[in-house]
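Notes for the one structure printed next.
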Amino acid sequence: MSIKERSLNKILINGPFQLKLIGYFVGLFILSTACLYSTTYLFFWNMKNKGLKVGIPEGHVFHQFLEAQKHDLDMLFIGLAVANFVLLLVVTLIISHRIAGPIYKMKQHLLDPSLKNEPFKFRQNDFFRELEPIINELKDKK
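Using the working numbering, read the sequence shown as starting at 4 and increasing by one per residue.
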């Protein structure tokens with residue numbers, strides 16, 4: 004199976020692990036995004052209340068300006084949140100592949116007797132590269 008076929012047919016190497024990892028990162032993203040948005044909302048709410056306290060009426064240009072600024076910031080915030088979410092998903096998928104791929108390959112190499120004589124090697128950017136010599140040593144002892 005070529006790399007292109009594999010990438011089109013199966014995006015996840017170890018679905019449960021990778022989806023759990025993505026879930027953790029998405030949860031952190033939602034929490035941090037909600038906190039950041041809450042601070043901007045609180046800022047504009049405080050500015051509006053300060054304006055009312057000093058006697059600036061509700062329809063005044065100051066309040067219109069605040070609403071326009073809040074709207075612009077909200078649109079920017081939504082755009083950045085969507086871009087960051089997509090970036091988070093892509094990076095998490097790449098990182099999870101660099102974790103799940105070596106574990107899958109190691110499992111296959113240790114369990115498949117036809118691979119006994121082939122040296123075990125990870126891909127260039129995989130994590131756990133320090134395990135290569137240990138796996139090869141274990142295979143030689145079998």
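Here a beta-carbon is modelled for each residue, glycine too, at the ideal position from N, C-alpha and C.
Residue state for E121 is assigned as coil, using DSSP reduced to three classes. Here the C-alpha atom of L34 lies approximately 14 Å from the C-alpha atom of I25. Looking only at K73, L118, L90 and L92, the smallest Cα-Cα distance to S41 is reached by K73. Boundaries of the alpha helix (DSSP H) around N139: E135 to K144. DSSP, read as helix, strand or coil, puts R101 in helix.
With a beta-carbon spacing of about 14 Å, F32 and F80 fall beyond the 8 Å limit used to define contacts. Your pair P105 and F130 checks out as a contact, with CB atoms roughly 6 Å apart and the cut at 8 Å. Rounded to whole angstroms, the separation of the alpha carbons of V94 and N128 is 14 Å. N139 and N17 have their C-alpha atoms some 23 Å from each other. Annotation: the continuous alpha helix (DSSP H) that includes N49 extends over G18 to K56. Counting only residues of its own chain and dropping the five nearest sequence neighbours on each side, H100 has a CB closer than 8 Å to the CB of I16 and Q21. DSSP, read as helix, strand or coil, puts I14 in coil.
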